[in-house]
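Q: As you go down the protein sequences, you meet chains B and E in turn.
Going by full-length UniProt numbering, the first sequence opens with residue 1, and the numbers climb by one from there.
Going by full-length UniProt numbering, the second sequence opens with residue 1, and the numbers climb by one from there.
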Amino acid sequence: MGRYVARRLLQMIPVFIGTTLIIFLMVHVLPGDPIRAMWGDKAADPAQVASLRHEFGLDQPLWKQYIDYMVDLFKGDFGKTFGGRPVSEEMGMAFPVTLRLAAVALTIEIIIGIGLGAWAGLKAGRAADTGVLIFTLIVISMPVFVLGYLARFIFADELGWLPPNVQDSMNLQQLLLPGFVLAMLSMAYVARLTRTTFAENLRADYMRTALAKGLPRRRIVGVHLLRNSLIPVVTFLGTDVGALVGGAVVTEGIFNVQGVGNLLFKALGQREGTTIVGVVTIFVLVILLINLLVDLLYAVLDPRIRYA
Amino acid sequence: MRGAQSAKWVALAAVVALAATACGGNDSDSGSNDMNKGTADPNGILTAQLSEPQNPLQPANAKESQGSRVLKQIFAGLVDYEPGTGKLVYVNAESVTPNKDSSVWTVKLKPGWKFHNGETVTAKSYVDSWNWSANVENNQTNSSWFQDIKGYSDVHPDKGKPKADKMSGLKVVNDNEFKIELNSSVSYFAYKLGYDVWAPLPTGFFKDPKGFGEKPVGNGPYKFISWDHKKMIKVRKFDGYQGPNKAKNGGIDFKNYTTADAAYSDLRSNNLDWIEQVPTTALTNYKTDLGKRAIDEEYSAVQSIVPAFYTKQFKDIDPKVIQGLSMAIDRDTITKTVLHGSRTPADSYVARGVLGYKAGALKEQVTYDPAKAKSLIKEGGGVPGNKISIQYNADQDHKPWVDAVCNSIRKATGVDCVGDSKPDFQADLNARDKHQVKSMYRGGWVLDYPVNSNFMRDLYGSKAAGNTSGYANKQFDELAAKADKAATLDETVKLYQQAEQVLAKDMPAIPLWFYKVNSGQSNKVLGKIPYGQDGDPIFTDVQVKKK
């Protein structure tokens, strides 16, 4: 087990360097000069542009920029934004917000998704199953921005239960609405996935054995069936955490959440290489670690899986 | 009770049923919500929309509107402009007077003004501030605003390190008087002084400019309280303020919004008192949504399409062809339909509300006349290739009007026209700067200072840095140079009006329309929010209702 984890951690190093290099290069390939763009439609003063480019190290050859960046990174310095603020400070504000939002979404996803899926799976072929199928199909086919505006229109503008926008991004209650919207799509997938594995495993040999042993139904479903059915769901949830952390740009935009999605979106518009690479670096780390965690969770869920 | 609700397409039957039972009433503008009823609370706090300023809050470091909006409240400059006419008003200055040929200006300050920390505002506060901001090493985005001053090239050389840290043209006479010597005559120099970059700075600034940028101390109607990054910037009324524009409210909370949609929905639910601009999706119905609380104000900015004169197509073009293209655009219809009344057709190169704007400076050139358009293009030898494209950036809402303009040109003249979209503003700028535009491009200009020279010399002068189309006209350059050296401002303005007629013949750009602010205010605001010429509210004059 320990060796397995060590090997996985070592494998992360080339992946990490590769992804940051690719992102770094891609940012520089994008057309446009971020410094010149500060002047917008107005004329830029070449001397000032040159001086600013020097300040941010953009006058150096690309390979040197990358090495400088990586050296600073290993010292824990993520560089600074064009406004002169440390990127680590910007990320320090954005990541906790996004993590909270992701946690809210993930909780909703797990509770409602698995619940609905299990219910439908147990009643496979009956009205409840069809009902859940139709509901999930509707949710899956709806783009997130439609869902977002619709949810705001109903719950905030008309019913007035929740504030239409997030005023304080760290307030869990205010994150409920965006979290719900964010959770909807994945929740539908979780429900479908759980339903299928449930329906399948219901006919498995060990179920018949358990039933024959005379175990109470609560225990059969709650322990044997649930545990065995969760493996594909956990895999999905694992990848979904990555998506939740990184892919909430639209939802964050609609509800005015000051999270990582917004940070990244803005940085891209400004070609702020330091922020983009910094955020992506964290993404890569998060996704790598979560994948490792998911793999380790398999062993917990299914004793037949062992890592040497 | 409930005002006219826009029937959103998302409102499915079930939602409508819910809506009917829920009694909102927030959108209503009658009864106790009447914007003109109630008494003003001199200490009421206003909440306004803002995005995160890009740079620290230093006066010469706000090229974008967000930082500038805050700086304008915290600092008071020497002069300001009267909204509507563009006339000069003295703020911190008692007088700003030129010598005979407008090359040396004497500034006298109103004595006894204080910074928010109690320090006295003196001539030195101004001179030191300008010297620092102009210095190339201090990396202020607006440093080139000081280029008229003698000695600018010493602190801001084209290449290499500055030779001095002071501009020789600035001389302190005494605490309340200083002289500005310019490189050459600029008759409207006093007008430039209304911009944020010319603000004075207290001595504390120079010890730690960066720290100051996080916690600025100014001399304006509001004092800075706090900047909670990406959440809120708070400013409060400065009781010791002696200027003419004392705040009529207790202060402003600038709240951070990431999208126009989010801000608009907060405005509708009265969680926010003022927004910058309604989202494009709401342009069609914001007036019904908001009723009297809707704001529809013109400001001094112009949008045009500019031929790239470095291309084969427009290199030796007969101006008649460009005139013809201009006349093929049905500005009235497009502004009313596609743009939902968010612009007004342009009739001049200079935007309305600017000193020297002459209504109808362009007449037939901007009047829709398909027959004449066709014949003019024919007379001028036609458009090479019989096809033009208009470059624009797709990350802002330009596609609809570009398509409409193209459609209009195509229908009227038979010249094929397509939009050439660049993914974002940076890519668009990049192509313009590198002279890679294939045919024509979208150009926009918001005033820097309300004199007509700003809309002409800085865009169409053959050596102007803002001239990216490669346009050059000797006659225009000569007139502009003469106008800058004129003895009086009136004469300058008149000479520029003559220069505008040169442009009208030569058509270096096709002016399309002037911009408007489409915004709104909450029902906590008393009366209409007044606007300045730059499209931003005059926050000091906004009154908040007593609760």
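By construction, the Cβ of each residue, glycine as well, lies at the ideal position given by its N, Cα and C atoms.
1) Using C-beta distances below 6 Å, list every residue in its chain close to Ser30/E, excluding the 5 sequence neighbours before and after it, in chain order.
2) Determine whether the Cβ of Gln48/B lies closer than 7 Å to any Cβ atom of chain E.
3) Name the two residues that bound the continuous alpha helix (DSSP H) containing Gly213/E.
4) Drop a sphere of 10 angstroms on the beta-carbon of Leu10/B, count the other beta-carbons inside from all chains shown, and report buried for 16 or more, exposed for fewer.
5) Could you have a look at Leu193/B and say whether DSSP puts it in helix, strand or coil?
6) Name the chain E residues whose beta carbon is nearer than 7 Å to that of Pro164/B?
7) Beta carbons nearer than 8 Å to chain E: which residues of the stretch 29-46 of chain B have them?
8) For chain B, check one thing: does any of its Cβ atoms lie closer than 7 Å to the Cβ of Ala62/E?
9) Tell me, please, which residues DSSP counts as bridged to Arg236/E.
10) Under 7 Å between C-beta atoms, does Gln173/B make it to chain E?
11) Taking Cβ-Cβ distances shorter than 8 Å, what residues in chain E pair up with Phe82/B?
12) Would you decide whether Leu230/B is buried or exposed? Buried here means 16 or more other CB atoms lie within 10 Å of its CB.
13) Does DSSP put Pro511/E in a helix, a strand or coil?
14) Taking its Cβ as the centre, do 16 or more other Cβ atoms sit within 10 Å of Tyr206/B, making it buried, or is it exposed?
15) Going by beta carbon distance, what residues of the same chain come within less than 8 Å of Trp9/E, once the five residues before and after it are set aside?
16) With a Cβ-Cβ cutoff of 7 Å, do Thr136/B and Ala191/B count as a contact?
17) Can a CB atom of chain B be found closer than 7 Å to the CB of Lys166/E?
18) Would you check if the distance between the CB atom of Ile334/E and the CB atom of Ser519/E is smaller than 7 Å?
19) Taking the C-alpha atoms as reference points, what is the distance between Arg410/E and Tyr264/E?
20) For the stretch 126-174 of chain B, list the alpha helix (DSSP H) runs that are entirely contained and at least 4 residues long, ordered along the chain.
21) Would you say Gln60/B reaches chain E, if we count a Cβ-Cβ gap shorter than 7 Å as a contact?
22) Would you list, in chain order, the members of the stretch 82-96 of chain B that have their beta-carbon closer than 9 Å to a beta-carbon of chain E?
23) Residues of chain E with a CB under 8 Å from the CB of Gln258/B: which are they?
24) Which same chain residues end up closer than 7 Å to Pro111/E when comparing Cβ atoms and leaving out the 5 residues on each side of it in sequence?
25) Count the CB pairs spanning the stretch 509-518 of chain E and the stretch 318-338 of chain E that are closer than 8 Å, and state whether there are at least three.
26) Give the straight-line distance between the Cα atoms of Val405/E and Gly169/E, rounded to the nearest whole angstrom.
27) Three-state secondary structure (DSSP) at Lys230/E?
28) For a test of the three-state rule: what should DSSP assign to Glu109/B, helix, strand or coil?
29) Going straight from the alpha carbon of Leu147/B to that of Val418/E, what length do you get?
30) Out of Asp484/E, Leu503/E, Gln498/E and Val493/E, which has the shortest C-alpha to C-alpha gap to Ser184/E?
31) Give the DSSP bridge partners of residue 316/B, in chain order.
32) Any idea if Arg116/E is buried or exposed, counting beta-carbon neighbours within 10 angstroms, 16 or more meaning buried?
33) Find out if the Cβ-Cβ distance for the pair Leu175/B, Leu162/B is shorter than 7 Å.
34) Output needed for Ile110/B: all residues of its chain with C-beta closer than 8 Å, excluding positions within five of it in sequence on either side, in chain order.
35) Beta carbon of Gln475/E: closer than 6 Å to some heavy atom of the ligand FAD?
36) What does Leu52/B touch in chain E if you count any residue whose Cβ is under 9 Å from its own?
A: Reading it off the structure:
1) In the second sequence, counting from the first residue as 1, residue 30/E sits at position 30. Note that Ser30/E scores 47 on pLDDT, short of 50, meaning its location in the model is unreliable; the coordinates nonetheless yield the value given after this. Nothing listed; no residue qualifies.
2) Reading the first sequence from its first residue, position 48 is the one you call residue 48/B. Contacts with chain E at 7 Å (Cβ-Cβ) include Gln48/B.
3) In the second sequence, residue 213/E corresponds to position 213, counting from 1. Start and end: Pro209 to Glu214.
4) As a working mapping, residue 10/B is identified with position 10 in the first sequence. In this structure Leu10/B is exposed. Its beta-carbon is surrounded by fewer than 16 other beta-carbon atoms within 10 angstroms.
5) Here residue 193/B refers to the residue found at position 193 when the first sequence is read from its first residue. Collapsing the DSSP output to three states places Leu193/B in a helix.
6) Against the first sequence, residue 164/B aligns to sequence position 164. Going along chain E in sequence order, the residues near Pro164/B (Cβ under 7 Å) are Ser265, Asp266 and Ser269.
7) When CB distances to chain E are screened at a threshold of 8 Å, the residues of the stretch 29-46 of chain B falling below it are Leu30, Pro31, Gly32, Asp33, Pro34, Arg36, Ala37, Met38, Trp39, Gly40, Asp41, Lys42, Ala43, Ala44, Asp45 and Pro46, in chain order.
8) Here residue 62/E refers to the residue found at position 62 when the second sequence is read from its first residue. Chain B, which has no Cβ nearer than 7 Å to the Cβ of Ala62/E, makes this no.
9) Numbered from its first residue, the second sequence carries residue 236/E at position 236. Answer by DSSP bridge pairing, in chain order: Lys223/E and Gly251/E.
10) As a working note, residue 173/B is residue 173 in the first sequence. No, Gln173/B lies away from the interface with chain E (no Cβ there is under 7 Å from its Cβ).
11) As a working mapping, residue 82/B is identified with position 82 in the first sequence. Neighbours of Phe82/B in chain E, taken as residues at a C-beta separation under 8 Å, are given in chain order as Gln54 and Asn55.
12) In the first sequence, the residue the question calls residue 230/B occupies position 230. In summary, Leu230/B is buried, with 16 or more beta-carbon neighbours lying within 10 Å of its beta-carbon over all protein chains present.
13) Working through the second sequence from its first residue, we reach residue 511/E at position 511. DSSP places Pro511/E in strand when its eight states are reduced to three.
14) Numbered from its first residue, the first sequence carries residue 206/B at position 206. Exposed, since its Cβ has fewer than 16 Cβ neighbours within 10 Å.
15) On the second sequence, residue 9/E is found 9 positions in, with the first residue counted as 1. Only weak support exists for where Trp9/E lies, its pLDDT of 38 falling under 50; the value from the coordinates is given anyway. Beyond the five residues adjoining it in sequence on each side, Trp9/E comes within less than 8 Å, by CB distance, of no other residue in the same chain.
16) For the purposes of this step, residue 136/B is taken as the residue at position 136 of the first sequence. For the purposes of this step, residue 191/B is taken as the residue at position 191 of the first sequence. Yes, they are a contact pair.
17) Here residue 166/E refers to the residue found at position 166 when the second sequence is read from its first residue. Judged by the 7 Å Cβ criterion, Lys166/E is not in contact with chain B.
18) Looking up residue 334/E in the second sequence gives position 334. Looking up residue 519/E in the second sequence gives position 519. No.
19) Residue mapping note: residue 410/E aligns to position 410 of the second sequence, counting from 1. Residue mapping note: residue 264/E aligns to position 264 of the second sequence, counting from 1. Cα to Cα, the separation comes out at about 37 Å.
20) Listed in chain order, the alpha helix (DSSP H) elements of length 4 or more contained wholly in the stretch 126-174 of chain B are 127-141 and 144-151.
21) If you number the first sequence from 1, residue 60/B lands on position 60. With 7 Å as the cut-off, Gln60/B does not count as an interface residue toward chain E.
22) Flagged, chain order: Phe82, Gly83, Gly84, Arg85, Glu89, Glu90, Met93 and Ala94.
23) Reading the first sequence from its first residue, position 258 is the one you call residue 258/B. The contacting residues are Lys230, Lys231, Asn256 and Thr258.
24) The residue given as residue 111/E occupies position 111 in the second sequence. Around Pro111/E: Asn176.
25) Segments in contact, yes.
26) By 1-based counting over the second sequence, the position of residue 405/E is 405. By 1-based counting over the second sequence, the position of residue 169/E is 169. Distance between the alpha carbons of Val405/E and Gly169/E: 48 Å.
27) To locate residue 230/E, count along the second sequence from 1; it is residue 230. DSSP, reduced to helix, strand and coil, places Lys230/E outside both helices and strands of the structure shown, so it counts as coil.
28) Within the first sequence, residue 109/B is the residue found at index 109, counting from 1. Here Glu109/B sits in helix by DSSP.
29) What you label residue 147/B is simply residue 147 of the first sequence in a count that begins at 1. What you label residue 418/E is simply residue 418 of the second sequence in a count that begins at 1. Between Leu147/B and Val418/E, the C-alpha separation is close to 34 Å.
30) In the second sequence, the residue the question calls residue 184/E occupies position 184. Checked all of Asp484/E, Leu503/E, Gln498/E and Val493/E; the closest Cα to Ser184/E is Asp484/E.
31) With chain B represented from 1 up to 308, any question about residue 316/B goes unanswered, as that position is not in the structure.
32) In the second sequence, residue 116/E corresponds to position 116, counting from 1. The residue asked about is misnamed: residue 116/E is His in this sequence, not Arg. Its Cβ being crowded by 16 or more others within 10 Å, His116/E is buried.
33) Here residue 175/B refers to the residue found at position 175 of the first sequence. Here residue 162/B refers to the residue found at position 162 of the first sequence. Contact flag unset, no.
34) The sequence position of residue 110/B within the first sequence is 110, counting from 1. Within its own chain, the residues whose Cβ lies closer than 8 Å to the Cβ of Ile110/B, once the five positions on either side in sequence are excluded, are Val190 and Leu237, listed in chain order.
35) Questions concerning the ligand FAD fall outside what the structure shown contains, since it holds no ligand whatsoever.
36) By one-based count along the first sequence, residue 52/B stands at place 52. Contact annotation for Leu52/B against chain E: Asn139 and Thr141 [CB-CB distance below 9 Å, chain order].
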